[in-house]
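Engineer: Numbering (this note's numbering), first residue to last: 2 to 461.
Okay, handing you the structure first.
And the structure:
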C-alpha cells in the first residue's frame, strides 16, 4: 500500500493552561506523562469568549482567568486592552491576591503585566501590535518551554510560554476606518450610515485571523462581549437561534457572527443573584463574625454556561461565587458545588460538618469562607473533591472501576500507607518543567489511580 501521508506534517500539540473549577474538567482530557502521571490538558485555550448582559461580572471572569495563568505559569505575561476606558491597574491589584504568587506583587511595577486602552491605541493599532508580538514569538527558542506532556516517542513536548491578551470588550472595539467615519460626520448624518457595516466587517476580519495568529504565537486571547435583546423589525418573523443553547431573541451586541464559532470556548453568564441567608438577609458565607450587614450585595452567585465548547460538551452549566470586591472565589464556589450536590464529600450535620478529605478541620456556614482562605490543605481538598464530582457527573466514558467517594478515597489511600497531609501539600495544575517545581504535582486522576494500585507518585 502506498504511503500517502509520510510527507504530511502533523499539527502541533495545543496546550491548555489549567484554571481550576469549573473549567478544566469541562474542557480537558487526561494525558499520561513521562512518569506515568496523569496531566489534564484543559482550561484556557487560544481563543475564549465571555458574554453576558450588563453587570454580570464578565470582566471579573476574564480577569480571573488571566491572573490565574499569570500566577501559575511564572514565564507568562499578560496585556489587557480596555475599550471602555473603565479599568485601572488598582482593580487588578485588588483581585490579584486571590492567587498565591501574586499576593505581594504590584502589577503596575512588574514587567509581566500591562494595561492600555482605546485612548492610546485604536483597535487597528492594537491588533497590529498584537500581530508583531505573535511574529516575534513564532519560532522563538528563547520563549519555548518544556511541558510535562510527551509525544509518541516518549519525548517531552515543547511549547511557547503563554502570552495572555484580554479585550474588554469586543462590543466597544473600534477600528481606524470606523473612527474616520465618526470624525468626518456628526451623529445623525447620512455619512455615518455605513458605520455599523464597516465596524462588523473589520471585526470579522480580525476574528478570522485570530485562530492562526494565536496558535502560532502562543497567544491566549480572552474577549468579552455584551449580550442584549434582539429586536426584530418584523414582529411576525420566526425566531432564529445563532447558538443551540442561547435563548431566542437574545444576541451579542456589536459583535459579528464569527465570534460565536471561531472561539474555542464561549462562556455565557446566564444569571446573577445576591447570595444571602434567607432569614438574616446577610451574606450567606460571611468573611468573619462582623460581616453581617443586612442587604449586603457583595457576594453574588453566577450561573455560567459554555455556549461553544470545542474541547468538551456544549451547553453545560456551573455555579460560580463572585465577590464584587475580591473577584471570583474559587474555593467557596467548589464548596457550594459540593454542598448543593447532596453534600458530596461532606460529613456531619446541617450546621457543623467537615470535608471527608480533611476531617480534622471543623466547618460551618459562617466559618467556611475564612477557613478556605487561611488553610491551604482545605483549599486543596476542595479542588480534589470538586474535580471528582465533575468527572463522575460529566465523564460518562470514565473507567467505572476508578469511581469512588471522597471518603472511600481517604480511607483506602490511608490504608495503603499514604499520609494525607503530604498528599494535600501538592498542586493539581501543570507547569513548564513540571517535575522541578518546589510544590509536587499530583492530579485528581493520579489519586484515583493510586487507590487502584496502578500509580505511585514519582516524587515520593
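Beta carbons are placed, not taken as given, at the ideal position from N, Cα and C, and that holds for glycine.
Please indicate yes or no: does the CB of residue 54 lie closer than 7 Å to some heavy atom of the ligand ZN?
Structural biologist: Although the ligand ZN was asked about, the structure shown includes no ligands whatsoever.
Engineer: What are the start and end residues of each continuous beta strand (DSSP E) run of 3 or more residues lying completely inside the region 299 to 339, in chain order?
Structural biologist: With a minimum length of 3 residues, the continuous beta strand (DSSP E) runs that stay inside the region 299 to 339 are 300 to 310 and 318 to 324.
Engineer: By Cβ distance below 8 Å, which residues in the same chain neighbour residue 117 in space, the five residues on each side in sequence not counted?
Structural biologist: Locating residue 117 in the chain shown gives position 116, where the first residue counts as 1. If we look at residue 117 and ignore the five residues flanking it on each side, its Cβ neighbours are 80, 81, 82, 83 and 127.
Engineer: Among 153, 135, 159 and 154, whose alpha-carbon lies nearest the alpha-carbon of residue 146?
Structural biologist: Taking the chain shown and counting its residues from 1, one reaches residue 146 at position 145. Nearest C-alpha to residue 146: 159.
Engineer: List the DSSP bridge partners of residue 345.
Structural biologist: Counting from 1 along the chain shown, the entry for residue 345 is found at position 344. Residue 345 is not bridged to any residue.
Engineer: Taking the beta carbon of residue 454 as the centre, do at least 16 other beta carbons fall within 10 Å, making it buried, or is it exposed?
Structural biologist: Along the chain shown, one-based indexing puts residue 454 at 453. So residue 454 counts as exposed.
Engineer: Quick one: residues in its chain with C-beta nearer than 8 Å to the C-beta of residue 340, no 5 flanking neighbours on either side, listed in chain order?
Structural biologist: For this step, residue 340 is matched to residue 339 along the chain shown. Closer than 8 Å at Cβ, skipping near neighbours: 347.
Engineer: Let me confirm a value: residue 215 is counted as buried when at least 16 other C-beta atoms fall within 10 Å, else exposed. Which label applies?
Structural biologist: Position 214 of the chain shown holds residue 215. When all chains shown are included, residue 215 counts as buried.
Engineer: From which residue to which residue does the beta strand (DSSP E) around residue 140 run?
Structural biologist: Position 139 of the chain shown holds residue 140. First-last for residue 140: undefined, no H or E at that position.
Engineer: Go ahead and pull the three-state DSSP assignment for residue 159.
Structural biologist: Within the chain shown, residue 159 is the residue found at index 158, counting from 1. Note: residue 159 maps to strand in three-state DSSP.
Engineer: From which residue to which residue does the beta strand (DSSP E) around residue 266 run?
Structural biologist: By 1-based counting over the chain shown, the position of residue 266 is 265. 266 to 275 is the extent of the beta strand (DSSP E) around residue 266.
Engineer: Where do the N-terminal and C-terminal ends of the alpha helix (DSSP H) with residue 260 fall, by residue?
Structural biologist: Numbered from 1 along the chain shown, position 259 holds the residue referred to as residue 260. 259 to 263 is the extent of the alpha helix (DSSP H) around residue 260.
Engineer: Can at least three beta-carbon pairs, one atom from the region 259 to 275 and one from the region 199 to 212, be found at a separation below 8 Å?
Structural biologist: In short, these stretches touch, since the Cβ pair count reaches three.
Engineer: In whole angstroms, what is the alpha-carbon distance linking residue 256 and residue 365?
Structural biologist: The sequence position of residue 256 within the chain shown is 255, counting from 1. The sequence position of residue 365 within the chain shown is 364, counting from 1. So the alpha carbons of these two residues sit roughly 45 Å apart.
Engineer: Determine the DSSP secondary structure at residue 83, reduced to helix, strand or coil.
Structural biologist: Indexing the chain shown from 1 puts residue 83 at position 82. DSSP places residue 83 in strand when its eight states are reduced to three.
Engineer: Going along the chain, which residues of its own chain have a beta-carbon closer than 8 Å to the beta-carbon of residue 396, five neighbours each way excluded?
Structural biologist: Along the chain shown, one-based indexing puts residue 396 at 395. Here the set comprises 26.
Engineer: Excluding the five sequence neighbours on either side, which residues of its own chain have a C-beta within less than 7 Å of the C-beta of residue 272, listed in chain order?
Structural biologist: As a working note, residue 272 is residue 271 in the chain shown. Only 304 meet the Cβ criterion.
Engineer: Measure the CB-CB distance between residue 182 and residue 189 and report whether it falls below 8 Å.
Structural biologist: As a position in the chain shown, residue 182 is number 181, starting the count at 1. As a position in the chain shown, residue 189 is number 188, starting the count at 1. Cβ atoms of residue 182 and residue 189: not closer than 8 Å.
Engineer: Apart from the five residues just before and just after residue 163, which ones in its own chain have a Cβ nearer than 7 Å to its Cβ?
Structural biologist: Stepping through the chain shown from its first residue, residue 163 is reached at position 162. These residues qualify, in order along the chain: 18, 70, 74, 77, 219 and 221.
Engineer: Should residue 169 go down as buried or exposed, given a rule of 16 or more other Cβ atoms within 10 Å for buried?
Structural biologist: Position 168 of the chain shown, counting from 1, holds the residue named residue 169. Buried is the call here.
Engineer: How far does the alpha helix (DSSP H) with residue 212 in it reach, from first residue to last?
Structural biologist: The residue labelled residue 212 in the question sits at position 211 within the chain shown. From DSSP, the alpha helix (DSSP H) with residue 212 extends over 196 to 218.
Engineer: For residue 52, is the classification buried or exposed, using 16 other Cβ atoms within 10 angstroms of its Cβ as the cut-off for buried?
Structural biologist: Position 51 of the chain shown holds residue 52. So residue 52 counts as buried.
Engineer: Is there contact between the region 269 to 283 and the region 50 to 68, where contact requires at least three CB pairs shorter than 8 Å?
Structural biologist: At 8 Å Cβ cutoff, the stretches touch.
Engineer: So, is residue 237 buried or exposed, given that buried needs 16 or more other C-beta atoms within 10 angstroms?
Structural biologist: Start at 1 with the first residue of the chain shown, and residue 237 comes out as number 236. Because the pLDDT at residue 237 is just 47, under 50, the model does not fix this residue reliably, and the point stays unresolved.
Engineer: For residue 156, count neighbouring Cβ atoms within 10 angstroms of its own Cβ and tell me buried if that reaches 16, exposed if not.
Structural biologist: As a working mapping, residue 156 is identified with position 155 in the chain shown. Per the 10 Å Cβ criterion, exposed.
Engineer: Is the region 383 to 390 close to the region 400 to 416, with three or more CB pairs under 8 Å?
Structural biologist: Touching, yes, given that three or more Cβ pairs across the two stretches are closer than 8 Å.
Engineer: Tell me which residue opens and which closes the beta strand (DSSP E) that residue 188 is part of.
Structural biologist: As a first step, residue 188 is located in the chain shown; it is residue number 187 there, counting from the start. Taken as a continuous stretch (DSSP letters only), residue 188 belongs to no beta strand (DSSP E), as it is neither H nor E.
Engineer: Ignore the nearest five residues each way along the sequence and tell me which others in residue 239's own chain have a CB closer than 7 Å to its CB.
Structural biologist: In the chain shown, the residue the question calls residue 239 occupies position 238. Confidence at residue 239 is low in this model, with a pLDDT of 49, below 50, so the placement of that residue should be treated as unreliable; the coordinate-derived value is given next. Correct list: empty, nothing qualifies.
Engineer: Buried or exposed: which applies to residue 15, given that a residue is buried once 16 or more other Cβ atoms fall within 10 Å of its Cβ?
Structural biologist: Here the question's residue 15 lines up with position 14 in the chain shown. Classification of residue 15: exposed, given that the 10 Å Cβ count is below 16.
Engineer: Would you kindly work out how many angstroms separate the C-alpha atoms of residue 100 and residue 21, rounded to a whole number?
Structural biologist: Working through the chain shown from its first residue, we reach residue 100 at position 99. Working through the chain shown from its first residue, we reach residue 21 at position 20. If you take the alpha carbons of residue 100 and residue 21, they lie about 12 Å apart.
Engineer: By alpha-carbon positions, which one of 275, 411, 253 and 380 ends up nearest to residue 302?
Structural biologist: Start at 1 with the first residue of the chain shown, and residue 302 comes out as number 301. Taking only the C-alpha atoms, the option nearest residue 302 is 275.
Engineer: Taking the alpha carbon of residue 97 as the reference point, which residue from 137, 446, 68 and 414 has its own alpha carbon closest?
Structural biologist: Working through the chain shown from its first residue, we reach residue 97 at position 96. Nearest C-alpha to residue 97: 68.
Engineer: May I ask you to report which of helix, strand or coil DSSP gives residue 98?
Structural biologist: Position 97 of the chain shown, counted from the first residue, corresponds to residue 98. DSSP places residue 98 in helix when its eight states are reduced to three.
Engineer: So, is residue 334 buried or exposed, given that buried needs 16 or more other C-beta atoms within 10 angstroms?
Structural biologist: The residue given as residue 334 occupies position 333 in the chain shown. With 16 or more other Cβ atoms within 10 Å, it is buried.
Engineer: Between which two residues does the beta strand (DSSP E) carrying residue 89 extend?
Structural biologist: For the purposes of this step, residue 89 is identified with residue 88 of the chain shown, where counting begins at 1. Per DSSP, residue 89 belongs to no beta strand (DSSP E) and is neither H nor E.
Engineer: Quick one: residues in its chain with C-beta nearer than 6 Å to the C-beta of residue 72, no 5 flanking neighbours on either side, listed in chain order?
Structural biologist: Taking the chain shown and counting its residues from 1, the one referred to as residue 72 is at position 71. Closer than 6 Å at Cβ, skipping near neighbours: 100, 102 and 103.
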